[in-house]
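To keep things clear, I will list the structure first and then write my remarks on it.
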Amino acid sequence: MQALLVITFCPFNIIYRSSRLFLIRCVFRCICAPLYKVTLPDFFLADQMTSQVEAIRSLEYYICYYTWIKSSHGHNMCESHNIYNIFYFILAIIPYWFRFFQCVRRLCEEKDQAQALNGLRYFLTILALVIKTAYGLRKGSTLEVLVILSSLITTFFNTYWDIVVDWGLLRRKSKNKFLRDKLILHHKSVYFIAMVLDVLLRFAWLQLVLKFNVHSLQGSTVSSIFACLEVIRRGMWNFFRLENEHLNNVGKYRAFKSVPLPFAYHEEDEHKEE
1 MQALLVITFC
11 PFNIIYRSSR
21 LFLIRCVFRC
31 ICAPLYKVTL
41 PDFFLADQMT
51 SQVEAIRSLE
61 YYICYYTWIK
71 SSHGHNMCES
81 HNIYNIFYFI
91 LAIIPYWFRF
101 FQCVRRLCEE
111 KDQAQALNGL
121 RYFLTILALV
131 IKTAYGLRKG
141 STLEVLVILS
151 SLITTFFNTY
161 WDIVVDWGLL
171 RRKSKNKFLR
181 DKLILHHKSV
191 YFIAMVLDVL
201 LRFAWLQLVL
211 KFNVHSLQGS
221 TVSSIFACLE
231 VIRRGMWNFF
241 RLENEHLNNV
251 GKYRAFKSVP
261 LPFAYHEEDE
271 HKEE
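First residue of the sequence shown: 1, per the UniProt record's numbering; consecutive thereafter.
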């Protein structure tokens with residue numbers, strides 16, 4: 001971890017300095033989301049952070065264990081301290097908080113009502129995370145009902161948004177039925193497989209809420225497995241999200257599939273043959 005931080009903030013022109021500075025600037029703009037104009041790299045990076053909640057929480061535990069608990073020869077003492085539990089809440093919602101404020105900023109600048117719905121989606125996800133975390137720390141029948149309801153609502157909302165808005169699929173009047181008019185991949189089955197996988201991986205998280213029995217596996221192990229599945233889902237989401245963004249840019253003449261050059265290659269070839 002220390003080596004990674006040293007490399008990232010290394011001021012010398014080595015190890016992809018321009019890329020490291022670009023990443024640092026993007027992270028800074030994510031942290032200061034309401035204060036800066038939101039660009040594609042900013043919200044794309046913040047989206048990646050939302051899939052790293054379990055990793056961030058694990059990092060919190062490692063810091064607590066190796067800096068405090070291990071030195072005092074205690075076991076399972078992190079969860080018993082209020083400061084640890086407070087940060088357990090905060091660290092989970094920070095990535096979604098970044099995206100929420102990015103949506104607010106884009107709503108104010110672009111007057112796009114879709115950003116209002118997107119902001120609502122992240123706000124509901126924050127509420128679901130807070131309720132789920134509170135239930136994990138203090139069991140109760142009321143909290144259990146709230147956890148199930150909030151998790152179901154956010155899962156349906158997020159799955160719909162993934163497929164219909166972010167990927168631009170499930171268009172009934174499209175030339176490619178239930179997909180979209182323009183596709184980059186030639187095999188349409190790939191898109192249908194991706195949609196099914198996205199639904200399955202989104203709803204896999206409900207296992208942690210609905211408590212389906214997974215034999216011979218501890219709760220922490222199950223959480224780690226589903227955290228890995230979320231990273232896989234995010235990687236798949238990245239591909240189709242960028243594909244849809246590129247095609248939208250092409251449609252709005254902000255990008256081109258190919259750039260026509262003002263050269264008559266065929267005419268020149270004919271003259272050479274003569």
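Built from N, CA and C at the ideal position, the CB exists for glycine as well.
Just so we're clear, the structure is a prediction, and the values are computed from it rather than from any experiment.
I83 lies in the alpha helix (DSSP H); which residues open and close that run?
Within the sequence shown, residue 83 is the residue found at index 83, counting from 1. N82 to E110 is the span of the alpha helix (DSSP H), which, as asked, contains I83.
Give me the residue from R241, R202 and F239 with the minimum Cα distance to A227.
Here the question's residue 227 lines up with position 227 in the sequence shown. From the listed residues R241, R202 and F239, the smallest Cα separation to A227 is found for R202.
Could you check what DSSP says for L40 in three-state terms: helix, strand or coil?
Locating residue 40 in the sequence shown gives position 40, where the first residue counts as 1. Three-state result, L40: helix.
Could you check which residue in F156, L91, Y65 and I90 has the C-alpha nearest to that of S80?
Residue numbering aside, residue 80 sits at position 80 when the sequence shown is read from its first letter. Answer by Cα proximity: Y65.
Compare the C-beta of W167 against all C-beta atoms of chain C and say whether one is closer than 9 Å.
Of the protein chains in this structure there is only one, and it is not chain C.
So what does DSSP say about L179, is it helix, strand or coil?
By 1-based counting over the sequence shown, the position of residue 179 is 179. Residue state, collapsed to three classes: strand.
Looking only at its own chain, which residues have a Cβ that is under 7 Å from the Cβ of Y135, when we skip the five neighbours before and after it?
What you label residue 135 is simply residue 135 of the sequence shown in a count that begins at 1. Residues L143, E144 and V147 of the same chain have their beta carbon placed closer than 7 Å to that of Y135, with the five preceding and five following residues left out of the count.
Just mark T155 as buried or exposed, buried being the case when its beta carbon has 16 or more other beta carbons within 10 Å.
Counting from 1 along the sequence shown, the entry for residue 155 is found at position 155. That one is buried.
Once you ignore the five residues that flank E150 on each side, which residues in its own chain have a CB closer than 8 Å to its CB?
Along the sequence shown, read from residue 1 onward, the residue named residue 150 stands at position 150. The sequence as given places Ser at residue 150; Glu does not occur at that position. Taking C-beta separations shorter than 8 Å and ignoring five residues to either side along the sequence, the partners of S150 in its chain run L124, L127, A128, I131 and K132, following chain order.
Taking the C-alpha atoms as reference points, what is the distance between H186 and K139?
The residue you call residue 186 lines up with position 186 of the sequence shown. The residue you call residue 139 lines up with position 139 of the sequence shown. Distance between the alpha carbons of H186 and K139: 50 Å.
Do you know offhand how far L4's Cα is from L21's?
Taking the sequence shown and counting its residues from 1, the one referred to as residue 4 is at position 4. Taking the sequence shown and counting its residues from 1, the one referred to as residue 21 is at position 21. Spanning the two alpha carbons is a distance of roughly 14 Å.
Exposure label - G168; buried when at least 16 CB within 10 Å:
By one-based count along the sequence shown, residue 168 stands at place 168. Answer is buried; the Cβ neighbour count reaches 16.
Report yes or no: do three or more beta-carbon pairs, one from the segment 187 to 200 and one from the segment 12 to 21, lie closer than 8 Å?
They do not touch, by the three-pair rule.
Short Cβ contact (9 Å threshold) for D166 with R241
Indexing the sequence shown from 1 puts residue 166 at position 166. Indexing the sequence shown from 1 puts residue 241 at position 241. Yes.
Hey, would you say L152 sits closer than 9 Å to N85, going by beta carbons?
For the purposes of this step, residue 152 is taken as residue 152 along the sequence shown, with counting starting at 1. For the purposes of this step, residue 85 is taken as residue 85 along the sequence shown, with counting starting at 1. No, Cβ-Cβ distance for L152 and N85 is not below 9 Å.
Checking the sheet assignment: what are the DSSP bridge partners for R57?
Counting from one through the sequence shown, the residue named residue 57 turns up at place 57. When DSSP reads this structure, R57 sits in no beta bridge, so it has no partner.
Beta-ladder partner(s) of R171, from DSSP
Numbered from 1 along the sequence shown, position 171 holds the residue referred to as residue 171. L179.
Tell me the rounded alpha-carbon separation between E270 and H246.
Locating residue 270 in the sequence shown gives position 270, where the first residue counts as 1. Locating residue 246 in the sequence shown gives position 246, where the first residue counts as 1. Low per-residue confidence applies at E270: pLDDT is 48, beneath 50, and the placement is therefore not dependable enough to give any value.
I163 versus F157: straight-line alpha-carbon distance, rounded
In the sequence shown, residue 163 corresponds to position 163, counting from 1. In the sequence shown, residue 157 corresponds to position 157, counting from 1. Between the alpha carbons of I163 and F157 lies a distance of about 10 Å.
What number of angstroms, rounded off, separates the C-alpha of G235 from the C-alpha of L200?
Taking the sequence shown and counting its residues from 1, the one referred to as residue 235 is at position 235. Taking the sequence shown and counting its residues from 1, the one referred to as residue 200 is at position 200. Roughly 15 Å separates the two Cα atoms.
Rounded straight-line distance, which links the Cα of L183 to that of N248
Residue mapping note: residue 248 aligns to position 248 of the sequence shown, counting from 1. Residue mapping note: residue 183 aligns to position 183 of the sequence shown, counting from 1. Going from the Cα of N248 to the Cα of L183 covers about 11 Å.
For the segment 111 to 119 against the segment 45 to 59, do three or more pairs of beta-carbon atoms, one drawn from each stretch, fall closer than 8 Å, so that the two count as touching?
Result no; under three Cβ-Cβ pairs closer than 8 Å.
Same chain, Cβ closer than 7 Å to A92, neighbours up to 5 away in sequence not counted:
Working through the sequence shown from its first residue, we reach residue 92 at position 92. Result list for A92: V53, R57, L129 and T133, in chain order.
Cα-Cα separation, I31 to Q102:
On the sequence shown, position 31 is the one that residue 31 refers to. On the sequence shown, position 102 is the one that residue 102 refers to. Approximately 10 Å, taken between the alpha carbons.
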